[in-house]
Amino acid sequence: MATIENSGAATAVKGDAAPACTLGQEVRYNPAEIEARWTERWAEQPDLYAAEPASSAKPKYYVLEMLPYPSGVLHMGHVRNYSIGDALARYMWMQGYNVLHPMGWDAFGLPAENAALKNNTPPREWTLKNIAAMKVQMNRIGFSYDWRNEITTCLPDYYRWNQWFFLKMFERGLAYRKKSKVNWCPQCATVLANEQVVGGCCWRHEEQLVEQRDLEQWFLRITNYAQELLDDLSKLGGWPEKVRTMQRNWIGRSEGAEIEFELEDWTDVPEDEKRPNRGTAILPASNAAKGMGKRIAVFTTRVDTIFGATSLQLAPEHPLVKQMCAIDAELERAVEALREQQKKARESGDVGAIEKHGVFTGHYAFNPFNGERLPVWVANYILLDYGTGAIMSVPAHDDRDYEFAKKYGLEMKVVILPRRSGEAEGEPLLPFTSEDSLLINSGDFSSLGSEEAKRKMAAFAEEHGFGKATVTFRLKDWGVSRQRYWGTPIPMLYCEKDGIVPVPESELPVLLPDQVAITQQGGSPLGRIPAFVNTTCPKCGGKARRETDTMDTFVDSSWYFYRYTDAHNDQAPFAAEKVAYWFPIDQYIGGVEHAILHLIYSRFWTKVMRDMGLIGIDEPVERQFAQGMVIKNGAKMSKSKGNVVSPDEMIARYGADATRMYSLFAAPPDRDLDWQEDGVAGISRFLARVYRFAMKHGERARAGAGAGPTSATPTTQALLRKLHQTIRKITEDFAGRWHFNTCIAAIMELVNALTAAEPQIAAGAVPDAVLAEILRSLTLLLAPFAPYLAFELWESIGQTDNLLRAPWPKFDEALAKEEQIEIPVQINGKLRSVVCVDSEATEEQIRDAALSEEKIAALTAGKEVVRVILVPRKLVNIVVK
RNA sequence: GCCCGGAUGGCGAAAUCGGCAGACGCAGCGGACUUAAAAUCCGCAGACCCUAACCGGUCGUGGGGGUUCAAGUCCCCCUCCGGGCACCA
Numbered sequence: 042m043a044t045i046e047n048s049g050a051a052t053a054v055k056g057d058a059a060p061a062c063t064l065g066q067e068v069r070y071n072p073a074e075i076e077a078r079w080t081e082r083w084a085e086q087p088d089l090y091a092a093e094p095a096s097s098a099k100p101k102y103y104v105l106e107m108l109p110y111p112s113g114v115l116h117m118g119h120v121r122n123y124s125i126g127d128a129l130a131r132y133m134w135m136q137g138y139n140v141l142h143p144m145g146w147d148a149f150g151l152p153a154e155n156a157a158l159k160n161n162t163p164p165r166e167w168t169l170k171n172i173a174a175m176k177v178q179m180n181r182i183g184f185s186y187d188w189r190n191e192i193t194t195c196l197p198d199y200y201r202w203n204q205w206f207f208l209k210m211f212e213r214g215l216a217y218r219k220k221s222k223v224n225w226c227p228q229c230a231t232v233l234a235n236e237q238v239v240g241g242c243c244w245r246h247e248e249q250l251v252e253q254r255d256l257e258q259w260f261l262r263i264t265n266y267a268q269e270l271l272d273d274l275s276k277l278g279g280w281p282e283k284v285r286t287m288q289r290n291w292i293g294r295s296e297g298a299e300i301e302f303e304l305e306d307w308t309d310v311p312e313d314e315k316r317p318n319r320g321t322a323i324l325p326a327s328n329a330a331k332g333m334g335k336r337i338a339v340f341t342t343r344v345d346t347i348f349g350a351t352s353l354q355l356a357p358e359h360p361l362v363k364q365m366c367a368i369d370a371e372l373e374r375a376v377e378a379l380r381e382q383q384k385k386a387r388e389s390g391d392v393g394a395i396e397k398h399g400v401f402t403g404h405y406a407f408n409p410f411n412g413e414r415l416p417v418w419v420a421n422y423i424l425l426d427y428g429t430g431a432i433m434s435v436p437a438h439d440d441r442d443y444e445f446a447k448k449y450g451l452e453m454k455v456v457i458l459p460r461r462s463g464e465a466e467g468e469p470l471l472p473f474t475s476e477d478s479l480l481i482n483s484g485d486f487s488s489l490g491s492e493e494a495k496r497k498m499a500a501f502a503e504e505h506g507f508g509k510a511t512v513t514f515r516l517k518d519w520g521v522s523r524q525r526y527w528g529t530p531i532p533m534l535y536c537e538k539d540g541i542v543p544v545p546e547s548e549l550p551v552l553l554p555d556q557v558a559i560t561q562q563g564g565s566p567l568g569r570i571p572a573f574v575n576t577t578c579p580k581c582g583g584k585a586r587r588e589t590d591t592m593d594t595f596v597d598s599s600w601y602f603y604r605y606t607d608a609h610n611d612q613a614p615f616a617a618e619k620v621a622y623w624f625p626i627d628q629y630i631g632g633v634e635h636a637i638l639h640l641i642y643s644r645f646w647t648k649v650m651r652d653m654g655l656i657g658i659d660e661p662v663e664r665q666f667a668q669g670m671v672i673k674n675g676a677k678m679s680k681s682k683g684n685v686v687s688p689d690e691m692i693a694r695y696g697a698d699a700t701r702m703y704s705l706f707a708a709p710p711d712r713d714l715d716w717q718e719d720g721v722a723g724i725s726r727f728l729a730r731v732y733r734f735a736m737k738h739g740e741r742a743r744a745g746a747g748a749g750p751t752s753a754t755p756t757t758q759a760l761l762r763k764l765h766q767t768i769r770k771i772t773e774d775f776a777g778r779w780h781f782n783t784c785i786a787a788i789m790e791l792v793n794a795l796t797a798a799e800p801q802i803a804a805g806a807v808p809d810a811v812l813a814e815i816l817r818s819l820t821l822l823l824a825p826f827a828p829y830l831a832f833e834l835w836e837s838i839g840q841t842d843n844l845l846r847a848p849w850p851k852f853d854e855a856l857a858k859e860e861q862i863e864i865p866v867q868i869n870g871k872l873r874s875v876v877c878v879d880s881e882a883t884e885e886q887i888r889d890a891a892l893s894e895e896k897i898a899a900l901t902a903g904k905e906v907v908r909v910i911l912v913p914r915k916l917v918n919i920v921v922k
């Protein structure tokens with residue numbers, strides 16, 4: 042179509058979409074035509090972007106972008122994410138690396154089931170159709186994926202390895218089943234992991250409050266790795282600080298002590314001291330026996346304040362509270378109210394805002410440090426699933442305890458003072474919570490500093506058998522059971538005789554049946570398929586039932602990037618030597634919304650695989666990059682906001698090159714990006730300028746490609762200088778800052794300089810060989826950002842080798858160097874003039890030039906020059922009085 | 001409440017190590033080309049003051065202070081916006 046062989050004046054370009062025509066000498070840039078042609082040519086070369094095997098002599102580089110959920114359509118967030126990764130992959134190929142740049146599909150999950158309900162299409166069919174559509178889109182944009190390693194997580198050749206890993210974890214005691222309170226989303230009709238609850242609501246259904254339900258669930262013991270996940274964050278120097286901080290908060294390590302308070306024998310309490318108004322409940326002897334010798338364990342980070350404890354506070358769900366309630370109907374009613382308040386607060390998400398309430402149980406416990414008798418309360422702000430579900434209340438030195446004690450008139454005891462003021466200062470303003478403090482009224486521990494006291498008191502407790510120093514994590518084990526159909530079946534059986542039995546490895550995969558009626562109520566859909574459920578026990582041969590829950594889809598994405606190295610292996614999840622060659626991932630790129638969920642599960646999975654002996658690394662990702670969101674009209678693009686811009690539409694209007702290049706130009710990649718369609722048009726105009734320039738001069742460039750003398754005309758020198766400055770700028774940015782917006786601006790400046798010099802070029806001021814070099818380098822500089830145009834230009838200037846493997850241009854410092862530089866001259870810090878000096882000028886010469894400059898001389902005449910500050914190559918500041 | 005980001009022309013942004021604030025682009029204005037339009041090309045463009053016009057001057061990077069010959073950049077205080085965590089004991 043476009044006659045690239047004949048790109049001179051007579052060239053006519055015909056296209057199907059936007060009609061292009063010949064206007065005098067000008068050739069119109071027609072991205073629709075150019076891109077269609079190259080899309081077709083690339084499709085005929087399946088190995089174009091193929092990684093070389095591990096035997097390659099090149100150094101390896103693994104660049105990875107987060108795989109998409111196959112919703113059926115790419116959105117701008119994808120385009121941005123993948124344009125960054127694609128630019129990097131192309132650049133690294135050109136830098137001589139063996140690049141692995143794979144893509145796949147996170148293909149299990151709820152939307153397929155919802156679509157099935159809505160359209161009566163089986164989830165599998167719907168998903169595969171979407172994948173096909175998105176793959177077409179990706180290829181239309183021209184992303185450089187090595188499709189030989191494509192993975193699709195909903196296919197058995199992938200998910201069988203989820204099952205295999207699950208069995209391995211079960212063997213190692215890392216997968217276990219327990220009944221627990223779980224987060225339940227009524228809309229999803231399934232369980233959510235803690236990580237999937239956002240502000241008390243479902244992460245998919247922003248308005249949907251999450252309920253608590255009791256269910257038997259499978260858990261993965263991520264807490265076994267809590268400490269290592271925390272410690273190894275320090276190895277992740279190539280990760281954004283923000284992501285590391287979020288993970289650190291999520292893991293939530295808290296150092297403190299667990300202390301046991303002995304509960305007073307219930308029967309010993311004199312009637313008149315028992316909880317007022319508790320009525321006539323009679324304590325049966327059997328229950329009294331249960332109370333005897335019971336201890337209440339509390340977790341505290343401030344054991345140094347334990348002499349100031351004036352009560353204990355238990356969670357409403359605490360087992361001991363349940364026992365107390367069993368014999369005290371009135372207490373039960375009061376506690377039930379507290380439970381309700383807590384549940385409501387949890388479900389509404391603003392747990393921090395609820396009003397504190399509590400009730401005295403009528404029971405007492407003894408402080409093991411001083412024997413003091415403390416009332417035992419139940420309070421609605423104590424959480425059963427953190428620490429021990431019980432606290433010691435120290436109102437003088439804790440904000441929450443203070444608030445609570447004020448409300449209920451509980452005693453306050455001051456036991457620490459500010460370190461600096463000393464005892465003479467009297468009582469501090471309460472609550473006083475600083476750790477920079479000294480103990481008072483604390484027996485043998487008085488006058489110790491808080492830090493020292495914490496250590497000594499924990500040791501004391503351990504010595505006397507009523508406590509010890511402990512560490513508590515906020516991180517909980519990962520609940521992976523989902524009562525859904527479209528996921529990996531959990532490979533477990535329940536035998537009447539043998540109980541829980543793993544499916545033998547040889548029977549994997551446990552296939553997900555195809556014909557399943559999807560409804561949104563009544564537990565797992567698989568449970569309604571007798572052919573799936575009913576099986577035999579591999580141990581005893583008797584009747585057994587299959588587990589009917591499926592796995593959380595975050596399991597799929599926790600290890601997928603290992604599979605890319607060996608996607609068709611049917612003997613193992615991957616070959617160790619392939620992973621050893623490609624890992625760690627050199628650069629991972631994705632949205633910050635996965636900073637916790639996906640990125641922490643992946644790190645966990647890697648550590649488990651290491652402990653299984655499958656791999657030899659501690660962390661999967663060397664460098665992680667979190668790109669910003671795509672914004673339109675001040676809000677994140679979303680269907681509900683109605684501000685979605687379709688990539689297809691942009692591509693149809695301006696071309697894939699302009700669309701992806703705009704996504705890199707409009708903001709630095711880590712910042713939010715404001716989508717403005719006029720900006721895409723601007724990029725399209727720029728590419729058109731490049732195209733016209735190249736078409737106009739391509740002939741001469743081909744003629745001069747055989748090199749030749751470079752004459753030193755000022756125009757030639759100026760253009761070469763600009764070229765080498767641009768190469769330097771972009772090369773440095775890829776290595777460091779990734780400010781592709783300024784990289785593209787630099788290319789624009791280069792092109793501006795070229796078009797401005799067209800009269801001189803036409804007049805023969807630039808030798809053909811130089812013109813050839815400039816055009817060739819310009820094409821290479823564009824290649825990571827606008828690959829279609831780059832390939833087109835590459836051919837048009839007579840290059841026949843593969844552009845993707847062409848070496849990245851090298852910059853020459855000598856050519857990049859300015860001969861003359863402008864030095865601003867200030868007087869008393871205010872800019873007054875600019876002098877132009879030779880770039881090699883000495884300080885003395887610059888100083889003289891500045892002082893003798895006409896305007897400066899006039900302004901300083903008759904004044905005393907106190908000082909002259911001279912910053913080499915930067916500025917002169919003359920201080921006068 | 002705690003922890004991260006961020007705030008610069010009409011708009012997206014640039015200024016990488018304390019050294020000419022606003023590169024590059026969008027929108028806008030003026031001009032050339034054209035019968036006309038589109039496309040393209042050239043030029044102007046932070047605000048204010050002075051001027052017939054030039055020349056020139058003052059102010060200006062969310063607000064207030066400070067350090068410095070010099071601050072968008074460093075220090076202290078504050079406001080607003082975005083994100084994360086949160087009765088976590």
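With the working numbering, the residue at position 548 of the first sequence is 589, and numbering never jumps. In this text, a Cβ means the ideal position worked out from N, Cα and C, and glycines have one as well. For clarity, every value in this text was computed on a predicted model and none was experimentally measured.
Per DSSP, residue i forms a beta bridge with which residues?
i      : result
Met533 : Pro543
Ser874 : Val866
Tyr103 : Leu141
His116 : None; His116 has no bridge partner.
Thr577 : Lys584
Arg441 : Per DSSP, none; premise fails for Arg441.
Ala459 : According to the sequence shown, residue 459 is Pro rather than Ala. Paired residues: Ser478.
Could you check where the alpha helix (DSSP H) with residue i kicks off and where it finishes?
i      : result
Gln79  : Per the sequence shown, residue 79 should be read as Trp rather than Gln. 72-84 is the extent of the alpha helix (DSSP H) around Trp79.
Asn918 : Taken as a continuous stretch (DSSP letters only), Asn918 belongs to no alpha helix (DSSP H), being part of the beta strand (DSSP E) at 916-921.
Ala367 : 360-367
Tyr186 : Run containing Tyr186: none; DSSP gives neither H nor E here.
Trp623 : 617-623
Phe706 : 697-706
Trp205 : 197-212
Following the continuous beta strand (DSSP E) through residue i, name the residue where it begins and the one where it ends.
i      : result
Met951 : Outside the displayed span of the chain (42 to 922) sits residue 951, for which this structure offers no information.
Trp418 : 414-420
Gly631 : 628-632
Leu304 : 294-304
How many whole angstroms separate the CB atoms of residue i and residue j, which I take to be in contact at a CB cut-off of 8 angstroms?
i      : j      : result
Ala891 : Ile864 : 7 angstroms
Thr351 : Met453 : 7 angstroms
Arg644 : Leu270 : 6 angstroms
Ala936 : Leu424 : Because the chain is modelled from 42 through 922, residue 936 falls outside the range shown and cannot be assessed.
Glu76  : Tyr829 : 5 angstroms
If the criterion is Cβ atoms closer than 7 angstroms, does the pair residue i and residue j meet it?
i      : j      : result
Phe486 : Ala494 : yes
Val339 : Thr402 : no
Trp925 : Leu361 : Here the chain comprises residues numbered 42 to 922, so residue 925 is not present and cannot be evaluated.
Leu379 : Asn421 : yes
Gly739 : Ile838 : yes
(request) Indicate whether the contact test is met: 3 or more Cβ pairs, each with one atom in the stretch 852-861 and one in the stretch 88-106, closer than 8 angstroms. (result) no
(request) Say whether the stretch 578-593 touches the stretch 185-193, bearing in mind that this needs 3 or more beta-carbon pairs closer than 8 angstroms, one atom from each stretch. (result) no
(request) Would you check if there are 3 or more beta carbon pairs closer than 8 angstroms linking the stretch 629-646 to the stretch 272-292? (result) yes
(message) Three Cβ pairs or more, each shorter than 8 angstroms: is that satisfied between the stretch 762-775 and the stretch 814-833?
(response) yes
(message) Across the stretch 786-798 and the stretch 724-741, are there enough close Cβ pairs to call them in contact, namely three or more that are closer than 8 angstroms?
(response) yes
(message) Check whether the stretch 109-127 and the stretch 703-716 are in contact - that is, three or more C-beta pairs closer than 8 angstroms.
(response) yes
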